[in-house]
Amino acid sequence: MSAKRIIVAIDGPAGAGKSTLAKRVAEKLGYIYVNSGAMYRAVALWALRLGVALNDMHRLEQLAREAKIRLSLSDGRIFLNDEDVTEAIRDRAVSDAASKVSAVPGVRRALVKLQRQIAEENSIVMDGRDIGSVVFPGAQVKIFLDADPKERARRRALELRGQGEDADVHVVAGELQKRDDRDRKRTEAPLVQAPDAELVDTTALTPEEVEETVLRIIRAKTSDGKAATGQGG
Ligand code: DC
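The number in the working numbering is simply the position in the sequence shown, starting from 1, with 142 added.
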């Protein structure tokens with residue numbers, strides 16, 4: 143299958159709707175959905191639990207190399223050292239820590255390797271910050287998903303409230319901005335729109351409309367999502 147595998151890279155800032163979109167598109171096309179942010183979150187969770195300083199680059203790299211991170215390809219659940227941490231990694235403290243941990247080059251090296259391994263065997267939709275720019279520069283489809291910061295904060299606050307958190311939209315907006323700044327300004331694999339990525343602004347679109355727009359792009363680039371014109375990676 144490797145010659146025909148298709149890689150759909152979806153990058154963008156927090157709250158743009160990447161994971162909702164990536165999940166829907168993967169399901170429609172029968173590809174595997176990979177949430178790369180969950181991997182950075184898993185390493186961050188482990189670091190927080192062990193009390194590792196988030197500026198200790200050496201120790202963080204060691205953790206990323208040693209962490210046994212497994213994504214269940216059927217239901218998207220994520221396991222850290224055999225523990226299901228799917229809910230634990232959504233904690234706001236973990237969001238903040240993940241953004242710090244992900245700036246460490248050695249952490250990125252370890253996780254990018256894992257991301258590429260998953261794609262060796264499967265057609266995938268992967269979302270993150272550097273999927274189209276660094277992880278799979280040869281991906282057949284690259285989408286950069288963005289939305290107005292106020293709208294992104296509104297969506298994230300709703301999501302957090304859905305998890306039972308008392309999330310004030312202004313506080314969430316501040317958290318998102320801090321995280322995005324950090325993700326955009328870091329030296330290693332910063333959040334950027336790859337030159338050949340299609341920009342999709344989701345501010346005024348429903349999830350259904352975003353899905354429709356992106357499926358149209360994918361079909362145009364891959365002869366209906368089936369035959370690849372190049373190779374990811
Ligand atoms: O997508 P997310 O919000 O769950 O990601 C959590 C953090 O991980 C985010 O602040 C930046 C980092 N990340 C990254 O640097 N590269 C990726 N490919 C995915 C996430």
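Using N, Cα and C, we set each Cβ at its ideal position, and we do this for glycine too.
Source: prediction; values computed, not measured.
C-alpha distance - residue i paired with residue j, whole-angstrom precision
| i | j | result |
| --- | --- | --- |
| residue 173 | residue 264 | 7 Å |
| residue 292 | residue 192 | 35 Å |
| residue 212 | residue 147 | 21 Å |
| residue 333 | residue 349 | 22 Å |
| residue 169 | residue 360 | 14 Å |
| residue 154 | residue 319 | 13 Å |
| residue 353 | residue 163 | 6 Å |
| residue 256 | residue 271 | 15 Å |
First through last residue of the alpha helix (DSSP H) which encompasses residue i
| i | result |
| --- | --- |
| residue 171 | 160-171 |
| residue 295 | 291-304 |
| residue 185 | 178-192 |
Short Cβ contact (8 Å threshold) for residue i with residue j
| i | j | result |
| --- | --- | --- |
| residue 151 | residue 287 | no |
| residue 178 | residue 268 | yes |
| residue 328 | residue 314 | no |
| residue 295 | residue 345 | no |
| residue 274 | residue 339 | yes |
Beta-carbon proximity list for residue i, same chain, < 8 Å, skipping 5 on both sides
| i | result |
| --- | --- |
| residue 355 | 342, 347 |
| residue 238 | 317, 320, 321 |
| residue 234 | 302, 307, 317 |
Beta-carbon proximity list for residue i, same chain, < 6 Å, skipping 5 on both sides
| i | result |
| --- | --- |
| residue 240 | 182, 183, 186 |
| residue 276 | 331 |
| residue 223 | 210 |
| residue 254 | 277 |
Close beta carbons around residue i, own chain, < 7 Å, minus the five adjacent residues each side
| i | result |
| --- | --- |
| residue 201 | 194 |
| residue 249 | 185, 202, 203, 206, 243 |
Boundaries (first-last residue) of the beta strand (DSSP E) holding residue i
| i | result |
| --- | --- |
| residue 283 | 283-288 |
| residue 149 | 149-153 |
What ranges does the beta strand (DSSP E) occupy inside the region 195-274, keeping only unbroken runs of at least 3 residues that lie completely in it? For the region 195-274, whole beta strand (DSSP E) runs of length 3 or above, ordered along the chain, are 211-213, 220-222, 266-270.
Which complete alpha helix (DSSP H) runs does the region 315-372 hold, if anything under 4 residues is left out? Runs of the alpha helix (DSSP H) inside the region 315-372: 349-368.
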